Amino acid sequence: MRLSIKLNNSNEGIHLKRVSYILLLIFSHSGLPAQYYFRGEITDEGNKPLQNVKIVLHSSGYVYYSGTSGGFGITSARATDSVSFALDGYQPASVQLENNKFANITLKLLQTSGSVQKKKLISFTKDLKPEESVNWSVGGETYSSLLENDFIQAKMYPETGFAISINKASYSNVRRFISMDNPVPPDAIRIEEMINYFNFSYKEPQKDSMFSFESHFTACPWNENNYLLYLKLCAKKVDLDTMPSSNLVFLVDISGSMDMPNRLPLLKSSFKSLVNNLRSKDTISIVVYGSTVGVWMQPTSGKEKLKIQKAIEGLNPGGSTPGASGISTAYRIAKSQFIKGGNNRVILATDGDFNVGQTSEADLEKLISLHRQTGIYLTCLGVGMGNYKDSKLEVLAKKGNGNFAYLDDEKEAEKVLVKELTQTLFTVADDAYCTIRFNPKLVRQYRLIGFDNKLNAVIDSLSELEGGEIGSGHTMLAMVEIVPASSLLNPDNFYGPNNALAAVRVSYKLPSDTTRRTSVYSCSPVYTEFNELDSCYRFASSVVMFASLLRRSNSTKFFSWRDVVLLANESYNRKDTLEKEFVTLVVKARKIYSRGKRRKR
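Sequence positions in the sequence shown follow this note's numbering and run 2 to 602.
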């Protein structure tokens, strides 16, 4: 076929358009392959939509992903084509699709020993079958119902264990309630997080060790008949300059619920502070969810600080809260920039008020569990009040192989993201937990202070102990209240090869390593007078007493607010602004709770 076209200069533009149209008509009838359209929806066995399912079209090898509602639409040169569907945690499937015939695809959950259906415990006493307890209900804000650890008979159950983590969110959240002159919901109080909010005299481990360890045995300040055992672990520090490159994805909630001064504006200020510490070898991406879900800033070098800060400043709130969709998008970006041997992390910043897509704690737990095997960590930063969802963020952080902090003001943001940057963002040990085996000859009963389990995990027969993440230079202090056996009261029994008070075993994995490592320590029964202890240990005891009163623990029958105030005043470090603030907080809380008692009378 011969085509002859003559153009003149005056009408060249018009003729070019006509030529283009003619060519289009010619080529549309020249035997090019036809286009067919396949549509469908992907769900799990409970008929819940699955997003970000990988879809491979066999004829072309092209890869697609399902949308937020599980739907997909793809084109093919064939009227029927073979397609594969894959999503972490689910059995892959291959089906034959037909043109213009809607396909309903169901993916089945993998049934493995590591099933995400198992609930995880923060502490665990071997062979003990706890009884059920009453749930606390808190309106507006949600917290996981906790079951306080009670005294355990050492002869029957000599071994207990607990997860080691760097979470400190409970303290700043408690501070927020008291600063607003309000009582604190009991289940918002996680005693181990309140203790470890403070940094207790870091001790550098030996060069060939991951941890340094020390224990102290002393009198119990709130019960003269009992004793206290302090266990302190310090993780090794990694120099920021020699740390591997970071691949960080800021996942920012910009929904309408974030439109308050202590929410999105606080987060923007916090992230800009963090950006100042980035290195040129670090990569930053920003994903948002709210009025839109998508990549706000493509992966950018840490040296482009002005560009990153400008992108952060441009964030504005509005819309619903499709948190699950945002999480999936953030992980996809993190995977695309994955640094082998580097620090790959999603930093989720939100009030946790997910109201679109997968919104329940169970759904979110399943979603995040599918991503945890990728080597990407998750840090959750909670903000806000009124509809703050502590329980959801706690689930995400623990299931996402990461940590959790609550930012109640700019000072706290600076503490978490600047002063404690390496603890927050750089992991030195994974899946870490501590096991204590008490000597029944010396210990009649023991009570692990804090590390209280969620009620629904305690009553689940499939529950198992879940380790935590440890950041660079982290110090962890645990405390156990002990009822002594008669032989412990006799100093002549203190010495000898079989007379350790307890044996401590710390189990952990190195990042990106499946080998489990163990460090073993021994706790001496040698007694130290309480007033002769380093002040940081006495101060920690005042934090326990304070948290116990807020939580209405059974142990509070032995002491009062006055006792807490006296011990805190006597033991706090005058040079430490956080410890000084704690004393003020105790005094204010005393007034709030004393006022409540007067009203009750």
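Quick reminder that beta carbons are idealized off the backbone N, C-alpha and C, glycines included. Given the structure is predicted, the values throughout are model-derived calculations rather than measurements.
Expressed to the nearest angstrom, what Euclidean distance is found between the alpha-carbon atoms of residue i and residue j?
i: Lys-55; j: Leu-397; result: 23 Å
i: Lys-306; j: Val-419; result: 15 Å
i: Ile-179; j: Lys-416; result: 20 Å
i: Ser-542; j: Gly-319; result: 44 Å
i: Asp-182; j: Arg-591; result: 11 Å
i: Phe-103; j: Ala-350; result: 38 Å
i: Val-521; j: Lys-233; result: 13 Å
i: Leu-110; j: Ser-95; result: 15 Å
i: Arg-445; j: Ser-487; result: 8 Å
i: Tyr-594; j: Thr-428; result: 39 Å
i: Gly-303; j: Arg-552; result: 43 Å
i: Leu-382; j: Gln-92; result: 33 Å
i: Ser-70; j: Gln-52; result: 6 Å
i: Val-587; j: Asn-317; result: 37 Å
i: Lys-576; j: Pro-300; result: 41 Å
i: Ser-138; j: Glu-149; result: With a pLDDT of 38 at Ser-138, under the threshold of 50, the modelled position of that residue is not reliable, and no figure is offered here.
i: Val-566; j: Met-195; result: 16 Å
i: Met-480; j: Leu-449; result: 7 Å
i: Glu-470; j: Leu-279; result: 22 Å
i: Thr-375; j: Asn-345; result: 10 Å
i: Val-276; j: Ser-513; result: 26 Å
i: Ile-153; j: Tyr-65; result: 55 Å
i: Ser-556; j: Ser-270; result: 41 Å
i: Ser-523; j: Thr-107; result: 53 Å
i: Ala-569; j: His-217; result: 19 Å
i: Lys-282; j: Ile-309; result: 14 Å
i: Cys-435; j: Lys-341; result: 29 Å
i: Thr-578; j: Arg-191; result: 22 Å
i: Gly-115; j: Val-84; result: In this prediction, Gly-115 has a pLDDT of 37, which is less than 50 and means its spatial position is unreliable; what the coordinates show is noted afterwards. For Gly-115 and Val-84, the distance between alpha carbons rounds to 28 Å.
i: Ser-256; j: Gly-68; result: 19 Å
i: Val-294; j: Gln-207; result: 47 Å
i: Asp-409; j: Met-298; result: 26 Å
i: Glu-46; j: Val-57; result: 21 Å
Buried or exposed, going by whether 16 or more other CB atoms sit within 10 Å of the CB of residue i?
i: Gly-403; result: buried
i: Leu-98; result: buried
i: Asp-242; result: exposed
i: Phe-583; result: buried
i: Arg-176; result: buried
i: Gly-327; result: buried
i: Pro-329; result: According to the sequence displayed, residue 329 carries Ser and not Pro. Counting Cβ neighbours within 10 Å, Ser-329 comes out buried, since at least 16 surround it.
i: Glu-580; result: buried
i: Thr-1; result: The chain is shown from 2 up to 602; residue 1 falls before or after that span and cannot be answered.
i: Lys-169; result: buried
i: Ser-173; result: buried
i: Asp-240; result: exposed
i: Ala-78; result: exposed
i: Ala-236; result: buried
i: Phe-251; result: buried
i: Thr-284; result: buried
i: Phe-339; result: exposed
i: Ala-189; result: buried
i: Gly-74; result: exposed
i: Met-211; result: buried
i: Glu-413; result: buried
When DSSP labels each residue in this structure, what does residue i get in the three-state scheme?
i: Gln-154; result: strand
i: Pro-1; result: Nothing about residue 1 can be reported from this structure: the residues present for the chain run from 2 to 602 only.
i: Tyr-434; result: strand
i: Asp-564; result: helix
i: Leu-394; result: helix
i: Cys-537; result: helix
i: Lys-416; result: helix
i: Val-185; result: coil
i: Tyr-63; result: coil
i: Met-480; result: strand
i: Glu-411; result: helix
i: Ile-106; result: strand
i: Gly-469; result: strand
i: Arg-575; result: coil
i: Asp-45; result: coil
i: Ser-337; result: helix
i: Gln-424; result: helix
i: Leu-586; result: helix
With a threshold of 7 Å, establish whether the CB of residue i neighbours any heavy atom of the ligand ADP.
i: Lys-238; result: Questions concerning the ligand ADP fall outside what the structure shown contains, since it holds no ligand whatsoever.
Length-filtered (4 minimum) alpha helix (DSSP H) runs lying within the stretch 260 to 306: Counting whole runs of 4 or more residues, the stretch 260 to 306 contains the alpha helix (DSSP H) stretches 265 to 276.
Contact between the stretch 227 to 237 and the stretch 255 to 274 (3+ Cβ pairs under 8 Å): Taking 8 Å as the limit for Cβ pairs, the verdict is that the stretch 255 to 274 does not touch the stretch 227 to 237.
Alpha helix (DSSP H) runs wholly inside the stretch 508 to 554, at least 4 long, in chain order: For the stretch 508 to 554, the continuous alpha helix (DSSP H) assignments of 4+ residues that do not extend past its boundaries occur at 536 to 552, in sequence order.
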